[in-house]
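Beneath this line is the structure, given in structure tokens, with notes to follow.
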Amino acid sequence: MAVTLNTSIHWTSASADDLLMLENLQPNILKEHTRDCSTLLFLKFAQPDEGKAFLRSLVPHLKSTIDHLQEIRAFKSTKVPGTPYVGVGLTATGYAALAIDNVPSDAAFQHGMQGNADLHDPDVATWDVPFRNPAQLHGVIIIGDSKLAPMSKKLAQIQALITAHPGVTVLGSQDGRALHNSNGDGIEHFGYVDGRSQPLFFDEDITAQRLLTDGAQVWNPAFALQQAIVSDPAAPEPDKHFGSYFIFRKLEQNVKRFKEHELTFANTLGLDDKERAGAMLLGRFEDGTPVTAQFADGNHNPVPNNFNYGSDAEGSKCPFLGHIRKTNPRGSGGFGQSEEAERAHLMPRRGLTYGLRTDNPNDGNIQNKPEKDVGLLFMAFNSNIGNQFEFTQVSWANNPKFPEVVAGPFPGVDPVIGQLPKGTPRATVHCPVEWGNPDTVKTVASVPQAVTMKGGAYFFMPSLAFFHAL
Ligand code: HEM
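Every letter in the sequence shown is one number past the one before it in the numbering used here, and letter 216, counting from 1, is 957.
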């Protein structure tokens, strides 16, 4: 028996090999860990022995995926909250700094985020300090919890371990704090429900999605484990011990600019229902209602995810440029790929907002909106960075021609995250004035870029067996 990779699994009746894998896999990869209050510490190791000793000292603070799943089950019956999440990742230069030879093999991981010019990221000199020099950035620790007090307590314990190892330096830290709307759903700074559509890896969660939400007949949320995990080459038994590539990008949001241009966009299109302008840019209304499913908001209990673009082949409900249509076409076409190949680009997203707000993101007021110092800490787990995060950013979001199956003009770049080469203006976009009426599609100027990449890196989150064996 080997670890199951080609399907989702039932964790409560996992095979012995799957259980061993889950006992050694860090949490938050196959199933989201609550982490509304989080701090990330970016680290440098001066020399291998002390770096390894430090990582070994973290072991009592690391829980496994199985521990996490059991905590969730216990919470349901006892209401006793689980323990904080501590996640640890290493960069390719981190492996070198620790003198570990069996480096995870993903080519993009080894080249680093700065190695792909097609991402069209801003000049590295404008990035936050910890990310400017990949030779110095060796590791990350994420400490997260639903509440600030337990997170701060755990953070203090980890900081004490760092202090006890003078060869370990904190290059910088980043706090993340979740935002919620009045329905209690998690939102990002532009005010839209985020984090709803995720690949699910456990059959228990897939059944719950089918029975307790809007269902799973139209959009299948079930994914094989190999979409998120890979063998850990530096663990004692790589065929039994697994890890995942962790993508981190700090994306600053100029909320005022985006909201101003949402309004301009609505006015240029001549929309009476101005909310629909933003919904067409994101693909969902602020409350999470998919714009391909209905012309107005209000379908948020639960937030739907059981939809595709089958009844919207001309992009007359959700335009082709809509952020969620660009980043997950849901089988509606892309470079002639099979649906299976297209689904292989998706990834579990574990993002978190950063920056504090004094206003209400959904109050409809534009003048009180922040222009900087708030944004999204985009975090995701990949098994193949080139085919997942980089493909999504480069071939879908940044590519004005995607999807190219569209008859007529190109859709344009993703209005939220699309990045073009420096100095290249965004082209025009095509949106329906009347919801569902292709005859009313109008060509108007795109909204300008309101998201700025402030730095990031690729990490590998090794198995717990790796840390035990250091
Ligand atoms: C500040 C930056 C970003 C904002 C404001 C943002 C906003 C959102 C929102 C509101 C949703 C809808 C919620 C959901 O369906 O779960 C969403 C979904 C999604 N986003 Fe983003 N996002 C950002 C960055 C990114 C990046 C960098 C990527 C990948 C390169 C990405 C990929 C996705 C994907 C794959 C989905 C799910 C689409 C689906 O399955 O229907 N996002 N995003």
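All C-beta atoms, glycine included, are put in the ideal place defined by N, C-alpha and C.
None of the values given here were measured: they were computed from a predicted structure.
Practice task
Going by DSSP, name the residue or residues bridged to I883.
Solution key: L781, G828, per the DSSP bridge assignment.
Practice task
Indicate the three-state DSSP secondary structure (helix, strand or coil) for Q915 in the structure shown.
Solution key: Residue state, collapsed to three classes: strand.
Exercise for the section: Kindly provide the ranges of any alpha helix (DSSP H) runs that are 4 or more residues long and lie completely inside the segment 930-983, ordered along the chain. Expected result: Unbroken alpha helix (DSSP H) stretches of 4 residues or longer found wholly inside the segment 930-983: 944-953, given in chain order.
Handout entry: Heavy atom of ligand 1 within 8 Å of S779 beta-carbon
Key = No, the beta carbon of S779 sits no closer than 8 Å to any heavy atom of ligand 1.
Exercise for the section: Report the three-state DSSP secondary structure of Y1095 (helix, strand or coil). Expected result: Note: Y1095 maps to strand in three-state DSSP.
Exercise for the section: Going by CA-CA distance only, name the one from Y1050, K793, P1043, S779 that's closest to V959. Expected result: Nearest C-alpha to V959: Y1050.
Practice task
Could you spell out the range, first to last residue, of the beta strand (DSSP E) harbouring L1118?
Solution key: 1116-1123 is the extent of the beta strand (DSSP E) around L1118.
Problem - Under the three-state DSSP convention, the category Q767 falls into - result: Assigned with DSSP and collapsed to three states, Q767 falls in coil, not helix or strand.
Practice task
Please go through the same chain and pick out, in chain order, the residues whose beta-carbon is closer than 7 Å to the beta-carbon of L839, but skip the five residues on each side of it.
Solution key: Only F786, P789, G792, K793 meet the Cβ criterion.
Problem - Validate contact between the segment 1180-1196 and the segment 960-975 using beta carbons, cut 8 Å, 3 pairs - result: No contact exists between the segment 1180-1196 and the segment 960-975.
Handout entry: Residue nearest to G984 in terms of C-alpha spacing, selected from L771, P1173, E1003
Key = Taking the Cα of G984 as reference, the smallest distance to any Cα among L771, P1173, E1003 is reached at L771.
Exercise for the section: Please indicate yes or no: does the CB of S938 lie closer than 8 Å to some heavy atom of ligand 1? Expected result: Using a cutoff of 8 Å, the CB of S938 counts as near ligand 1, since one of the ligand's heavy atoms is closer than that.
Problem - Selected residue, minimal CA-CA separation from N1069, among L1211, M1088, Q1160 - result: Of L1211, M1088, Q1160, the residue nearest in Cα terms is M1088.
Handout entry: Identity of the residues DSSP links to A721 by a beta bridge
Key = Since the first residue shown for the chain is 742 and the last is 1211, residue 721 is missing from the structure and cannot be characterised.
Handout entry: Counterpart residues of E993 in DSSP-defined beta bridges
Key = DSSP, once it has assigned bridges, lists G1116, T1193 as partnering E993.
Problem - alpha helix (DSSP H) runs contained entirely in the segment 799-828, provided each spans 4 or more residues - result: Whole alpha helix (DSSP H) segments, 4+ residues: 806-819.
Handout entry: Residue range of the unbroken beta strand (DSSP E) whose run includes H1171
Key = Unbroken beta strand (DSSP E) run through H1171: 1169-1173.
Exercise for the section: To the nearest angstrom, report how far apart Q1034 and M762 are at their CA atoms. Expected result: Rather than Gln, the amino acid found at residue 1034 in this sequence is Ala. Going by the C-alpha atoms only, they are around 39 Å apart.
Practice task
Consider the Cβ of V909: report whether some Cβ of chain C lies at a distance smaller than 9 Å.
Solution key: Looking for chain C here will not work: only one protein chain is present.
Problem - Presumed contact (8 Å Cβ cut-off) between L796 and F1208, rounded CB distance - result: Contact between L796 and F1208 holds: CB atoms are separated by about 6 Å, below the 8 Å threshold.
Exercise for the section: Quick one: using the 10 Å Cβ neighbour count with 16 as the cut-off for buried, is H717 buried or exposed? Expected result: Limits of the chain in this structure are 742 at one end and 1211 at the other, which puts residue 717 out of reach.
Exercise for the section: With DSSP as the reference, label G1051 as helix, strand or coil. Expected result: In this structure, G1051 counts as coil in the three-state DSSP scheme.
Practice task
Measure the alpha-carbon distance for I903 versus S798 and round it to whole angstroms.
Solution key: In this model, I903 and S798 are separated by some 9 Å (Cα to Cα).
Exercise for the section: Would you please state the rounded distance, in angstroms, between the beta carbons of G880 and L831? I believe it to be under 8 Å. Expected result: Indeed they touch by this definition, with Cβ atoms about 5 Å apart.
Exercise for the section: List the whole-angstrom C-beta distance separating A1095 from Q900, where the pair is believed to meet the contact cut-off of C-beta under 8 Å. Expected result: Sequence inspection shows Tyr at residue 1095; the Ala mentioned does not correspond to that position. Beta-carbon to beta-carbon, Y1095 and Q900 are separated by about 19 Å, too far to satisfy the 8 Å threshold.
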